[in-house]
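Each number in the numbering used here corresponds to the 1-based position in the sequence shown with 77 added.
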Amino acid sequence: MAHRVRIFEQGPPSVMHYEEVEVSAPGPSQIRIKQEASGVNFVDTMFRDGTIKMPLPFDMGVEGAGIVEAIGEATRGFNVGDRVAYWFAPGAYTDQRLVQADLLVRLPQSVSAITAAALMAKGLTAWSAVKQIHQVVPGETVLVNGAAGGVGLLVATWAKALGALVIALVGSPSKAAALTQRGIPHVLDANDPKWVSKVAHLTQGRGVDVSFELVGGPNFAKSVETLRDGAAIVHIGNASGSIAVDKELLASRSITFTKYSTAQVIHNRHILELASSDLFQALESNVFGEIEISTFSLAEANRAHEALAARTVTGSIVLTS
């Protein structure tokens, strides 16, 4: 029998149940995979605790990686034994499952299942930020607000690899090391009341070309102050609270505002394959530096969520089968 993690009510980590499940043969457009690893993401906690209302019962998790076991009769392009990964297919906290074939991508031999499960969601989000919503080009100055987080670190290092001058904004000085170790020298503390003026100094008064916003909250308005006229804002997340967007102010300064959505990647097969290929190449080229991953067994999903909430682990969290 296979196993999954399911919730019957929304609430604290204790509402997650590890249970047996029988997985059927794949439908015409499905693939059954033996799942080796499942990524744990902040959005999972929102599904679990009720921040995002979901019909119940709900099978936890949205990304994973494993090996193709069986293929639906109408499915083409995959073979039994292929190593594959996916993103945003609910029900990922499992050791065997059915997935729509058009959500899967092949994994190169250089990328382990654990690494793929840790980075599909974060990595494809970062790809969309720096290569789709705003195509970072050499010589640009970019601000990454929330650069020490899982997605922020990938955005900052990827933008640097694309030739940008990166100014990283972090929540505390203790988080700066992860960025400076990856060759990003301009790391500012978001709690420093002078950080806006420091950005102005670093840009010689010109202002920032694009701001990648992952934190939200009161610092968003300060980020806008650092932008040059005609700049861009890419809004990825609100880890510290919602934002108030002054559309008239942005329009008066010709600043564009674009909100990231998962649909920008997963609903287009060509984009999904392109983004995944770019992500895997970046991993092979060591663009992101060392990828820190903490692992828990699938049966320990509750503990993994507790660790994520308490921030007692560094890097990504992955459940292994």
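We put the CB at the ideal spot given by N, CA and C, even for glycine.
#1: Check whether the segment 136 to 154 touches the segment 110 to 123, counting contact only when three or more Cβ pairs, one atom from each stretch, lie closer than 8 Å.
#2: Which residue marks the beginning of the alpha helix (DSSP H) containing glycine 200, and which one marks its end?
#3: Out of Ala309, Gly260, Glu367, point me to the one whose CA is closest to leucine 220's CA.
#4: Taking the DSSP output, what are the residues bridged to leucine 181?
#5: In terms of alpha-carbon separation, which member of Val292, Ala102, Thr192, Asp126 lies closest to glutamine 177?
#6: Of the residues Gly392, Leu375, Val395, Arg388, which one's Cα is nearest the Cα of methionine 93?
#7: Give the range of the beta strand (DSSP E) segment to which isoleucine 148 is assigned.
#8: Pair every Cβ in the segment 201 to 218 with every Cβ in the segment 334 to 341, then say whether three or more of these pairs are closer than 8 Å.
#9: Buried or exposed, going by whether 16 or more other CB atoms sit within 10 Å of the CB of threonine 152?
#10: Evaluate leucine 326 with the Cβ neighbour count: other Cβ atoms within 10 Å of its Cβ, from every protein chain shown; 16 or more gives buried, anything less gives exposed.
#11: Just how far apart, CA to CA, sit alanine 236 and arginine 81?
#12: Sorted by chain position, which residues of the same chain lie with C-beta nearer than 7 Å to arginine 305's C-beta, five sequence neighbours on each side aside?
#13: Excluding sequence positions up to five away, which residues of its chain have a Cβ less than 7 Å from the Cβ of arginine 388?
#14: When the Cα atoms are used, what is the spatial distance from threonine 218 to leucine 351?
Taking the coordinates as given:
#1: yes
#2: 190 to 204
#3: Ala309
#4: Tyr163
#5: Ala102
#6: Leu375
#7: 140 to 148
#8: yes
#9: buried
#10: exposed
#11: 37 Å
#12: Arg283, Gly284, Val285, Asp286
#13: none
#14: 25 Å
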